[in-house]
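To start, the structure itself, in structure tokens.
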Amino acid sequence: MRTAAHRIDRGTDMNAATAGGPAGPVRPGTGTLRRVKSVAGTRPWVAAAFLLPALVLLGALVVYPIGFSVYRSLFDASGTGFVGLDNYGELFTDERIRIALKNNVIWVVVAPTVATALGLIFAVLTERVRWGTAFKLVVFMPMAISMLAAGIIFRLVYDQDPERGVANAVWVSVHDTFAEPAPYPGAKPRPNAGLTASGGAYTTKQPVRAGDPANLPLVAVQPGDLGEARPATAARPEPGQVTGTVWLDFTRGGGGTPNIIDRSEKGLPGLTVEAVKDGRTVASATTGPDGRFALPAAADGALLRLPASNFAAAYNGVNWLGPALVTPSIIGAYIWMWAGFAMVLIAAGLAGVPRELLEAARVDGANEWQVFRRVTVPLLAPVLVVVLVTLMINVLKIFDLVYIIAPGSSLKDANVLALQLFQSSFGTDVDQGLGSAIAVFLLLLVLPVMYVNLRRLRKERSR
Amino acid sequence: MTTAEGVVRARQSLPARIAARTGGGVLRVALVLIGLFWLTPTIGLLLSSLRSPQDIAESGWWQVFTEPAQLTWASYSALLDNAKVMDSLLTTALITVPATVLVVVIGALAGYAFAWMDFPGRDGWFMVVVGLLVVPVQVALIPVAKLFGAVGLFETTPGVILFHTAFGLPFAVFLLRNFFAEIPRELLEAARLDGANELRLFTRVVLPLGGPAIASLGIFQFLWVWNDLLVALIFADSGKPPITVALQQEVRQFGNNIDVLAPGAFLSMVIPLVVFFAFQRQFVSGVMAGAVK
Numbered sequence: 001m002r003t004a005a006h007r008i009d010r011g012t013d014m015n016a017a018t019a020g021g022p023a024g025p026v027r028p029g030t031g032t033l034r035r036v037k038s039v040a041g042t043r044p045w046v047a048a049a050f051l052l053p054a055l056v057l058l059g060a061l062v063v064y065p066i067g068f069s070v071y072r073s074l075f076d077a078s079g080t081g082f083v084g085l086d087n088y089g090e091l092f093t094d095e096r097i098r099i100a101l102k103n104n105v106i107w108v109v110v111a112p113t114v115a116t117a118l119g120l121i122f123a124v125l126t127e128r129v130r131w132g133t134a135f136k137l138v139v140f141m142p143m144a145i146s147m148l149a150a151g152i153i154f155r156l157v158y159d160q161d162p163e164r165g166v167a168n169a170v171w172v173s174v175h176d177t178f179a180e181p182a183p184y185p186g187a188k189p190r191p192n193a194g195l196t197a198s199g200g201a202y203t204t205k206q207p208v209r210a211g212d213p214a215n216l217p218l219v220a221v222q223p224g225d226l227g228e229a230r231p232a233t234a235a236r237p238e239p240g241q242v243t244g245t246v247w248l249d250f251t252r253g254g255g256g257t258p259n260i261i262d263r264s265e266k267g268l269p270g271l272t273v274e275a276v277k278d279g280r281t282v283a284s285a286t287t288g289p290d291g292r293f294a295l296p297a298a299a300d301g302a303l304l305r306l307p308a309s310n311f312a313a314a315y316n317g318v319n320w321l322g323p324a325l326v327t328p329s330i331i332g333a334y335i336w337m338w339a340g341f342a343m344v345l346i347a348a349g350l351a352g353v354p355r356e357l358l359e360a361a362r363v364d365g366a367n368e369w370q371v372f373r374r375v376t377v378p379l380l381a382p383v384l385v386v387v388l389v390t391l392m393i394n395v396l397k398i399f400d401l402v403y404i405i406a407p408g409s410s411l412k413d414a415n416v417l418a419l420q421l422f423q424s425s426f427g428t429d430v431d432q433g434l435g436s437a438i439a440v441f442l443l444l445l446v447l448p449v450m451y452v453n454l455r456r457l458r459k460e461r462s463r
Numbered sequence: 464m465t466t467a468e469g470v471v472r473a474r475q476s477l478p479a480r481i482a483a484r485t486g487g488g489v490l491r492v493a494l495v496l497i498g499l500f501w502l503t504p505t506i507g508l509l510l511s512s513l514r515s516p517q518d519i520a521e522s523g524w525w526q527v528f529t530e531p532a533q534l535t536w537a538s539y540s541a542l543l544d545n546a547k548v549m550d551s552l553l554t555t556a557l558i559t560v561p562a563t564v565l566v567v568v569i570g571a572l573a574g575y576a577f578a579w580m581d582f583p584g585r586d587g588w589f590m591v592v593v594g595l596l597v598v599p600v601q602v603a604l605i606p607v608a609k610l611f612g613a614v615g616l617f618e619t620t621p622g623v624i625l626f627h628t629a630f631g632l633p634f635a636v637f638l639l640r641n642f643f644a645e646i647p648r649e650l651l652e653a654a655r656l657d658g659a660n661e662l663r664l665f666t667r668v669v670l671p672l673g674g675p676a677i678a679s680l681g682i683f684q685f686l687w688v689w690n691d692l693l694v695a696l697i698f699a700d701s702g703k704p705p706i707t708v709a710l711q712q713e714v715r716q717f718g719n720n721i722d723v724l725a726p727g728a729f730l731s732m733v734i735p736l737v738v739f740f741a742f743q744r745q746f747v748s749g750v751m752a753g754a755v756k
């Protein structure tokens, strides 16, 4: 028995010379199917005993399920009625699955590309920085945590309320740096004070005259907006000027008279007052600390308008997890997790790029960008492809992040195939025929990669 | 500065030196900013977990920087008394440890057979295993749920362990076979001459030499199983869910339970992060070997 096995061994082993490989530090192999002679004749039952646990588990829980899924996908929800390829047809007609397919395409195109690009940039930037390792650890760290934890982290980041969600806090403060926030959001004139509303602005019904002060009483000012407002003062008539006061016509604790500037009532500083003639703004002024304003003579006979910009509701930031942005937002969370993966693999590839090639290009007068673009990137191409393909396979199956981050209200807008599969298989509207079809569809999408893996193995063996 | 360096420096033109200096400065500042940007979400979670529910409802976690008095362990001590969350952490450990050990042991046995034993159809079988590397778990959810239902493993911890073991195996066998194949033949033959049988060879020579690969694989599988949500959602005992499922149930009421979610999420991250920082190198080589999985 032993000799027979030995003979078979000799006979099949074409290039035994490479078998043991050079001695030295033991490192993970590259995936070659190098022919190795068995140490000595192995009895087949020994080999079988070593392989049995793995083959049983793989057979029962991986291979058999593939067959069953294909079979099950040809039947209806009840599992008894044969429907042929109808479930696959439904993949492309059902509205929810169409959204999922569309989103999966966005995911597969955007997420791996951006993550790889960022990884490339980070790898190149950190290459010659001494504490580059610390930076790499920071960026790589999210890979160690669960998508569930990352999902919770980003639910907090994307909180709509700018007082709580950091994304909107930053966004709103950037927005408010460029667009002055309204001083008195929600404020409006006291009814019957001679002001009419149109499009958020308030305009006097009667034209104003120089030397005849105009009093514009407002109410519904948020207490927090009053700030350092001083008590309102009635404007004095000035010849050749239109003067007036805008004030909060409300006495704390009651007792004030409507439309009259009472003693304890506050002026409203910082309001824009415009004089409008025939729809054209002829002059404008801003109220002072006690609510007074003064317009030049040109305003004589015009209507006074308090433009809408005084009262616009505070800018509340972006609805990150609303129907329109939910998918890009979740992709952002994914990139946060996986850019580090790309970076680490690319950095390893970068370490293998011969320095002399880069130096030669520099000596030839190439600037850093040209060296990067024409030398580094082409040399890294194989690594970049591996990273991209790995991320694509990973993204194809994206489930946890979407399930956790998307709020119920926009879950259908964020839908992806793996989520639909979960819901069709175990959710509220179960159709395991459809669920199986989605599963088989996902498998079909990764078949090309399986083929490439196997071909590479073959090629390296025959080398 | 050594003299040699000084000479080199002196030879560079002034603009080149300024460019090198400031360019380096800009690069450093940029890297620090990117690093902070990357850390911000995690810091947000950490600080949120250290604030009271009222503070969380009223303002953002960055308020802590101006009012450090807001920091409190209250959410954590409440969580430690929360039997459901604590039990779920234990369940996670009870799933993760066996699923990791099993994958390493079964994968090593098969990897050794593929590397050093001769049997009919060896290459064919190995091709099948490599082909299975990219099979998505989604394909197995419905069939295995039915199978487990038939044998009483559905919604049990052993069921989850078996599922994770099976789907970890293609990578385990692939990685370990390639690693074991590099073991110098002389070592094995010497042991063989000393009269060691296959099992002895495996435990005394192959396993010790395979240390680095086994470490990579173990860490990879450990993190994978610890962090899993999908498989646990379907196959875990809903009365005794692992931490990911327990927290997922909390996420449904997101908003008024951040004092549970934030510390819970952070607790669930502690072990993976410790493993990650303690075994970075092994993790990285596992990730590299696992590319295109």
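Just so you know, the sequences run in chain order D and L.
Residues in the first sequence are numbered from 1 upward in steps of one, following the numbering used here.
Residues in the second sequence are numbered from 464 upward in steps of one, following the numbering used here.
By construction, the Cβ of each residue, glycine as well, lies at the ideal position given by its N, Cα and C atoms.
{"Asked": "Which of helix, strand or coil does DSSP assign to D:P231?", "Found": "strand"}
{"Asked": "Determine the extent of the alpha helix (DSSP H) in which L:T554 is found, giving its start and end residues.", "Found": "546–579"}
{"Asked": "Does the Cβ of D:T80 have 16 or more other Cβ atoms within 10 Å, making it buried, or fewer, making it exposed?", "Found": "exposed"}
{"Asked": "Is the separation between the beta-carbon of D:A342 and that of D:G119 shorter than 8 Å?", "Found": "yes"}
{"Asked": "Output yes if chain L places a C-beta closer than 8 Å to the C-beta of D:D429; else output no.", "Found": "no"}
{"Asked": "Since L:T620 and L:I697 should fall inside the 8 Å C-beta cutoff, what is the C-beta to C-beta distance between them, to a whole number of angstroms?", "Found": "Contact doesn't hold; Cβ gap of about 13 Å is too wide."}
{"Asked": "Mind checking which residues open and close the beta strand (DSSP E) that includes D:A292?", "Found": "Sequence check: residue 292 of chain D is Arg here, not Ala. Where D:R292 is concerned, the enclosing beta strand (DSSP E) stretches over 292–295."}
{"Asked": "Closer than 8 Å, Cβ to Cβ, to anything on chain D: give me those residues from the region 594–628 of chain L, in chain order.", "Found": "G594, L595, L596, V597, V598, P599, V600, Q601, V602, A603, L604, I605, P606, V607, A608, K609, L610, L625, F626, T628"}
{"Asked": "Establish whether the CB of L:A541 and some CB of chain D are separated by less than 8 Å.", "Found": "no"}
{"Asked": "According to the neighbour-count rule (16 or more other Cβ atoms, all chains shown, within 10 Å of its Cβ), is D:I260 buried or exposed?", "Found": "exposed"}
{"Asked": "In the structure shown, what three-state DSSP assignment does L:S748 receive?", "Found": "helix"}
{"Asked": "Straight-line CA distance for D:A381 to D:V371?", "Found": "14 Å"}
{"Asked": "With a CB to CB cut of under 6 Å and the five nearest residues on each side skipped, what residues in its chain are close to D:F250?", "Found": "V219"}
{"Asked": "Which residues in the same chain as D:L379 place their Cβ atom closer than 6 Å to its Cβ, once the five residues preceding and following it in sequence are excluded?", "Found": "V353"}
{"Asked": "Which runs of the alpha helix (DSSP H), 4 residues or longer, sit entirely within the region 185–268 of chain D?", "Found": "223–226"}
{"Asked": "Output the boundary residues of the alpha helix (DSSP H) element that contains D:T538.", "Found": "The requested residue 538 of chain D does not occur in the structure, where chain D is confined to residues 1 to 463."}
{"Asked": "Quick check on DSSP: helix, strand or coil for L:K609?", "Found": "helix"}
{"Asked": "Please tell me whether L:S551 and L:P705 are closer than 8 Å, where the distance is taken between their beta carbons.", "Found": "yes"}
{"Asked": "Would you mind telling me which residues of chain L sit closer than 8 Å to D:Q432, beta carbon to beta carbon, in chain order?", "Found": "I605"}
{"Asked": "So D:P515 and D:P189 are in contact, right, with Cβ under 8 Å, and what is the actual spacing, rounded?", "Found": "Any property of residue 515 of chain D remains undetermined from this structure, which presents chain D solely from 1 to 463."}
{"Asked": "When we look at the beta-carbon of D:S436 and count the other beta-carbons within 10 Å, is it buried (16 or more) or exposed?", "Found": "buried"}
{"Asked": "Ordered along the chain, which non-local residues of its own chain (more than five positions away) have a Cβ less than 6 Å from that of L:V600?", "Found": "F630"}
{"Asked": "Using beta carbons (cut-off 8 Å, strictly below), is L:N690 in contact with chain D?", "Found": "yes"}
{"Asked": "From L:F577 to L:L638, what distance separates their C-alpha atoms?", "Found": "11 Å"}
{"Asked": "Can you tell me whether DSSP reads D:P22 as helix, strand or coil?", "Found": "Only weak support exists for where D:P22 lies, its pLDDT of 32 falling under 50; the coordinates are left without a value."}
{"Asked": "How many Å lie between D:D225 and L:T563 at the Cα?", "Found": "59 Å"}
{"Asked": "When the distance is taken between beta carbons, is D:R305 closer than 8 Å to D:M193?", "Found": "As written in the sequence, residue 193 of chain D is Ala, which differs from the Met given in the question. No. Outside cutoff."}
{"Asked": "Buried or exposed, going by whether 16 or more other CB atoms sit within 10 Å of the CB of L:L662?", "Found": "exposed"}
{"Asked": "Counting only beta-carbon atoms, is L:P735 nearer than 8 Å to chain D?", "Found": "yes"}
{"Asked": "Within 10 angstroms of its Cβ, does D:R128 collect 16 or more other Cβ (buried), or is it exposed?", "Found": "exposed"}
{"Asked": "Using only the alpha-carbon positions, how far apart do D:L350 and L:G674 sit?", "Found": "27 Å"}
{"Asked": "Between the alpha carbons of D:D413 and D:I99, how many angstroms are there, rounded?", "Found": "7 Å"}
{"Asked": "Identify the contact partners of D:M343 in chain C, using a Cβ-Cβ distance below 8 Å as the criterion.", "Found": "Absent from the structure: chain C. Protein chains present are D and L."}
{"Asked": "Short check: CB of D:S424 to CB of D:I405, under 8 Å?", "Found": "no"}
{"Asked": "What are the residues that DSSP puts in a beta bridge with D:L304?", "Found": "D:A275"}
{"Asked": "Could you tell me which of D:N87, D:G244, D:L137 sits nearest to D:N215, measuring between CA atoms?", "Found": "D:G244"}
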